[in-house]
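For the protein sequence lines, the chains are Z and G, in the order given.
Counting from 1, one number per residue, gives the positions in the first sequence under my numbering.
Counting from 1001, one number per residue, gives the positions in the second sequence under my numbering.
All residues carry an ideal CB built from backbone N, CA and C; glycine is no exception.
Inspection log for the structure reproduced underneath, given as structure tokens.
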Amino acid sequence: MVELDISNKKNPKYVGDPLEIPKLACGAMADSQTFAAHPKHNTDLGFPPELIDNWKEVAIAKIGELGKKNRAFQVYLDICVKCGACTDKCHYFLGSGDPKNMPVARQDLLRSVYRRYFTFAGKYFPWLVGARDLTEEVLNEWYTYYHQCSQCRRCSVFCPYGIDTAEISMAAREILDSVGKGQKYCNEIIAKAKTIGNNLGLNPKALRATLEDLEEDLEDETGVKVRLPLDEKGADILLITPSADFFAEPHIDGLLGYAKVFHQAGVSWTISSYASEAANFGMFIGSYENMRELSLRVRKAAKDLGVKRIVFGECGHAWRVAYSFLNTLAGPFDFLDQNYPIPQHIMEFTHDLIQKGELKFDKSKNDEFRVTFHDSCNVARGSRMGDFPGGQFELPRDVLKACCNHYFDMDRDTIKESTLCCGGGGGLLTDELMDLRTKGASPRMTALQQVTEDHGVTHMAAICAICKTQFSKVMPKFGYEMDNILSVHQLVSNAIILDDQVLEEEKQKAAQAVQEAKAEAK
Amino acid sequence: MAYDVNGTSVEHDEEGYITNLSEWTKELADIIAKAEEVEMTDEHWAVVNFLRDYYEEYQIAPAVRVLIKSIKKSLGPEVGNNKYMYELFPYGPAKQACKIAGLPKPTGCV
């Protein structure tokens, strides 16, 4: 494989162009392999345990079935005119130089087979139209290169036809699953979420213990009882957040931020142990059935707890599923309060309070950070926030600017709808793909290095559990510390002024003054 | 795929996590640590022992923060902090320490 030269700092003043087109390196990523699912991981999701004997017939039939069921999939396969606009838009191509990571080439891995079996020209003159037989080699190539797509959809923004490679990559993984060639990382996790309620495998007892521990931390920090309620019936708001928020850093600091915002807003809220996961990995493998099953847990939890609203925490593709598909997957949500967005994003909740002047911040608490914002791909390109176009870009920035004195954007071609993936999305956040993840992160890291050079930016904030974990692992490879990645609500948490806290401090000051007066009188 | 503990083989998965948790022994922990290029000290053992106790009660590894808080209580703030945990276990106190402690790998977006 081609080595990525990330330590080359001959001229420290010149950081380089994050979007610079690399020299082609054919086959550079051909050896990148993600672990195959164990038989049980596959059968847990209703897939064959291992590669079935008649895989070829089943795979071809599946392409036909998907084409009928999902018109977009067939249109995407039919309409590409090979204009080349997408070729340099994938972060994995930019980082690896492997031409099969050009979005059009990635699509063609499947398109060539589709042509062979489903188009007139491909059936009779395959050599004229780039059609090819489905062989085991092709199947393995699909497994290799469809697990080098994070389904971030950056390429689709630049395609004049709007072809969405993510849809094709999801379909390819669905075909692979249907013949017993699943991926360990995604399938093991989905099975856990379906039985335990979250991707981590955190059972209710452990979740309760963790939340109680964090409540202690909050009280130590603020002097105020800020709660993290679990399974409380009759609460107004159900918070659905990625289970990484109960486990990893800096995710947990974000969770503490949500808790402080809810506390200050004076609303009653709860987490559910039954639906303790926002992330819906069913989307990554293109499995409607699994995506639906996971979404129905959210519905059941909301009904059982009798809540009026559902708020989602900081999780990228969770928000895409929630915003774009939740109603069709698990709706109608006619039992919730229709005066609020269904579902609502925590960023909308916090932003709304800031707009109304109900949150106060001591921005100087974040003065040690010079911050930029990494738009997470599924939020940026798969959903929206607020009630105006582009709200998903503005709301997080507004919130950051409300609680930080030093905020700077990265290069315009690498943010908002053109944002670069963290390199770990779409079911690729697994250790055996670390080389791919590092290469995929390099364009974003170069964009970050630019603002570090130009504006002294020290930290990057994000609103996605995958982005946060990915950056904490890869940033040290690019000259940053692992804790240079922050949760947006971590910065909210640092700066927010809680009324109770102020009262408590005033009480203490008053008590101290009385003590001092008494001492003086003596 | 298996570790060899004095002639007994203990199976592990592609990433070195043992598949049958009841087969863990201190000797095995030393062998896994060696494979991970981690030299076990008393501080490493304090982390491993806490992870195992926590797992026994909750059937899952603790959040990194919970681990650090406990180590801070028992060994003081010089050891009980995030940075030092990564010095002890360069590939992360959650994943690498769990592997040595014979616990399953934490999964998800972590």
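Return the CA-CA distance between residue i and residue j, expressed in angstroms with no decimal places.
| i | j | result |
| --- | --- | --- |
| threonine 430 of chain Z | glycine 424 of chain Z | 8 Å |
| proline 12 of chain Z | alanine 25 of chain Z | Residue placement at proline 12 of chain Z is flagged as unreliable, the pLDDT there being 46, under the threshold of 50; the coordinate-derived value follows with that caveat. Answer to the nearest angstrom: the Cα atoms are 26 Å apart. |
| threonine 438 of chain Z | phenylalanine 333 of chain Z | 41 Å |
| lysine 9 of chain Z | methionine 434 of chain Z | In this prediction, lysine 9 of chain Z has a pLDDT of 49, which is less than 50 and means its spatial position is unreliable; what the coordinates show is noted afterwards. Looking at the two C-alpha atoms, the distance is approximately 22 Å. |
| tyrosine 340 of chain Z | alanine 30 of chain Z | 48 Å |
| glutamate 3 of chain Z | lysine 1026 of chain G | Because the pLDDT at glutamate 3 of chain Z is just 48, under 50, the model does not fix this residue reliably, and the value given afterwards should be weighed accordingly. Each residue's alpha carbon lies about 38 Å from the other. |
| arginine 292 of chain Z | glycine 386 of chain Z | 25 Å |
| glutamine 567 of chain Z | valine 267 of chain Z | In this structure chain Z extends from 1 to 522, so residue 567 of chain Z is not present and cannot be described. |
| histidine 38 of chain Z | proline 49 of chain Z | 7 Å |
| proline 1106 of chain G | threonine 270 of chain Z | 24 Å |
| cysteine 149 of chain Z | asparagine 1081 of chain G | 36 Å |
| serine 493 of chain Z | alanine 517 of chain Z | 36 Å |
| lysine 523 of chain Z | leucine 503 of chain Z | This structure cannot settle anything about residue 523 of chain Z, because the visible part of chain Z is limited to 1 through 522. |
| cysteine 467 of chain Z | glutamine 490 of chain Z | 15 Å |
| isoleucine 342 of chain Z | leucine 336 of chain Z | 8 Å |
| methionine 1040 of chain G | glutamate 1023 of chain G | 19 Å |
| aspartate 231 of chain Z | serine 272 of chain Z | 5 Å |
| alanine 72 of chain Z | isoleucine 175 of chain Z | 16 Å |
| glutamine 264 of chain Z | aspartate 352 of chain Z | 13 Å |
| methionine 1001 of chain G | alanine 1101 of chain G | 18 Å |
| asparagine 70 of chain Z | valine 81 of chain Z | 21 Å |
| cysteine 422 of chain Z | alanine 513 of chain Z | 53 Å |
| aspartate 1000 of chain G | glutamate 368 of chain Z | The shown model of chain G, from 1001 to 1110, leaves out residue 1000 of chain G, and the question about it has no answer. |
| leucine 139 of chain Z | aspartate 304 of chain Z | 44 Å |
| glutamate 394 of chain Z | arginine 381 of chain Z | 14 Å |
| valine 311 of chain Z | alanine 465 of chain Z | 16 Å |
| histidine 455 of chain Z | aspartate 409 of chain Z | 10 Å |
| alanine 191 of chain Z | lysine 205 of chain Z | 20 Å |
| glutamate 481 of chain Z | methionine 1085 of chain G | 14 Å |
| proline 103 of chain Z | histidine 1044 of chain G | 46 Å |
Within this structure, are the beta carbons of residue i and residue j separated by less than 9 Å?
| i | j | result |
| --- | --- | --- |
| leucine 134 of chain Z | isoleucine 52 of chain Z | no |
| alanine 301 of chain Z | isoleucine 240 of chain Z | yes |
| serine 472 of chain Z | isoleucine 485 of chain Z | yes |
| arginine 444 of chain Z | histidine 147 of chain Z | no |
| alanine 447 of chain Z | aspartate 411 of chain Z | yes |
| leucine 207 of chain Z | leucine 218 of chain Z | no |
| valine 1010 of chain G | proline 1090 of chain G | no |
| glycine 313 of chain Z | glycine 390 of chain Z | no |
| tyrosine 1055 of chain G | leucine 1103 of chain G | yes |
| alanine 214 of chain Z | alanine 259 of chain Z | The amino acid at residue 214 of chain Z is misidentified as alanine; the sequence shows leucine. Yes, the Cβ-Cβ distance between leucine 214 of chain Z and alanine 259 of chain Z is below 9 Å. |
| glycine 27 of chain Z | glycine 440 of chain Z | no |
| cysteine 449 of chain Z | glycine 16 of chain Z | A quick correction: the sequence has glutamine, not cysteine, at residue 449 of chain Z. For glutamine 449 of chain Z and glycine 16 of chain Z, yes; Cβs fall inside 9 Å. |
| leucine 1028 of chain G | cysteine 1098 of chain G | no |
| threonine 350 of chain Z | histidine 459 of chain Z | no |
| valine 1110 of chain G | threonine 210 of chain Z | no |
| phenylalanine 118 of chain Z | glycine 67 of chain Z | yes |
| phenylalanine 35 of chain Z | glutamate 1015 of chain G | yes |
| leucine 165 of chain Z | glutamine 107 of chain Z | Looking at the sequence shown, residue 165 of chain Z is not leucine but threonine. A contact, by the Cβ cut-off of 9 Å. |
| threonine 195 of chain Z | aspartate 500 of chain Z | no |
| serine 383 of chain Z | arginine 320 of chain Z | yes |
| cysteine 83 of chain Z | proline 160 of chain Z | yes |
| alanine 1033 of chain G | leucine 1075 of chain G | no |
Could you check how far apart the C-beta atoms of residue i and residue j are, in whole angstroms? I think they sit under 8 Å.
| i | j | result |
| --- | --- | --- |
| threonine 469 of chain Z | alanine 279 of chain Z | The pair is not a contact, with the Cβ atoms about 11 Å apart (cut-off 8 Å). |
| serine 307 of chain Z | alanine 330 of chain Z | Per the sequence presented here, residue 307 of chain Z reads as valine, with serine not at that position. With 8 Å as the limit, valine 307 of chain Z and alanine 330 of chain Z do not qualify as a contact, their Cβ atoms being about 14 Å apart. |
| glutamate 277 of chain Z | proline 242 of chain Z | 7 Å |
| glycine 1108 of chain G | asparagine 203 of chain Z | Between asparagine 203 of chain Z and glycine 1108 of chain G the Cβ distance is about 14 Å, and since that is not below 8 Å, they are no contact. |
| tyrosine 143 of chain Z | lysine 100 of chain Z | Between lysine 100 of chain Z and tyrosine 143 of chain Z the Cβ distance is about 13 Å, and since that is not below 8 Å, they are no contact. |
| glycine 316 of chain Z | serine 487 of chain Z | Contact doesn't hold; Cβ gap of about 13 Å is too wide. |
Report yes or no: do the stretch 129 to 140 of chain Z and the stretch 112 to 119 of chain Z share at least 3 C-beta pairs separated by less than 8 Å? Below 8 Å, enough C-beta pairs join the stretch 129 to 140 of chain Z and the stretch 112 to 119 of chain Z to call them touching: three or more.
Pair every Cβ in the stretch 187 to 205 of chain Z with every Cβ in the stretch 43 to 61 of chain Z, then say whether three or more of these pairs are closer than 8 Å. Short answer: they touch.
Contact between the stretch 266 to 284 of chain Z and the stretch 318 to 333 of chain Z: three or more CB pairs below 8 Å? yes
With a floor of 4 residues, list each alpha helix (DSSP H) that falls wholly inside the stretch 221 to 278 of chain Z, ordered by position along the chain. 251 to 265
Quick test of the definition: if touching needs 3 or more C-beta pairs under 8 Å, does the stretch 372 to 392 of chain Z touch the stretch 506 to 517 of chain Z? By the Cβ test, the stretch 372 to 392 of chain Z is not in contact with the stretch 506 to 517 of chain Z, since fewer than three Cβ pairs between them sit closer than 8 Å.
Mind pulling the alpha helix (DSSP H) runs of 4 or more residues that sit fully within the stretch 66 to 154 of chain Z? 71 to 79, 91 to 96, 103 to 118, 120 to 124 and 136 to 145
Taking 8 Å as the cut-off, does the stretch 396 to 405 of chain Z touch the stretch 358 to 370 of chain Z (at least 3 CB pairs, one atom from each stretch)? yes
Does the contact criterion of 3 or more C-beta pairs under 8 Å hold for the stretch 1051 to 1061 of chain G versus the stretch 1082 to 1099 of chain G? yes
Decide if the stretch 152 to 159 of chain Z is in contact with the stretch 77 to 93 of chain Z; the criterion is three or more beta carbon pairs, one per stretch, under 8 Å apart. yes
Would you mind listing the alpha helix (DSSP H) stretches within the stretch 1016 to 1081 of chain G that are 4+ residues and don't spill past its ends, in chain order? 1026 to 1035, 1042 to 1058 and 1064 to 1075
At 3 residues or longer, and completely inside the stretch 466 to 516 of chain Z: list those beta strand (DSSP E) runs for me, N to C. 485 to 487
Touching or not, the stretch 119 to 128 of chain Z and the stretch 159 to 174 of chain Z, by the rule of three or more beta carbon pairs under 8 Å? Contact fails: fewer than three Cβ-Cβ distances are below 8 Å.
Along the chain, which unbroken stretches of the beta strand (DSSP E) at least 3 residues long are found entirely within the stretch 328 to 352 of chain Z? DSSP runs (the beta strand (DSSP E)) wholly in the stretch 328 to 352 of chain Z: none.
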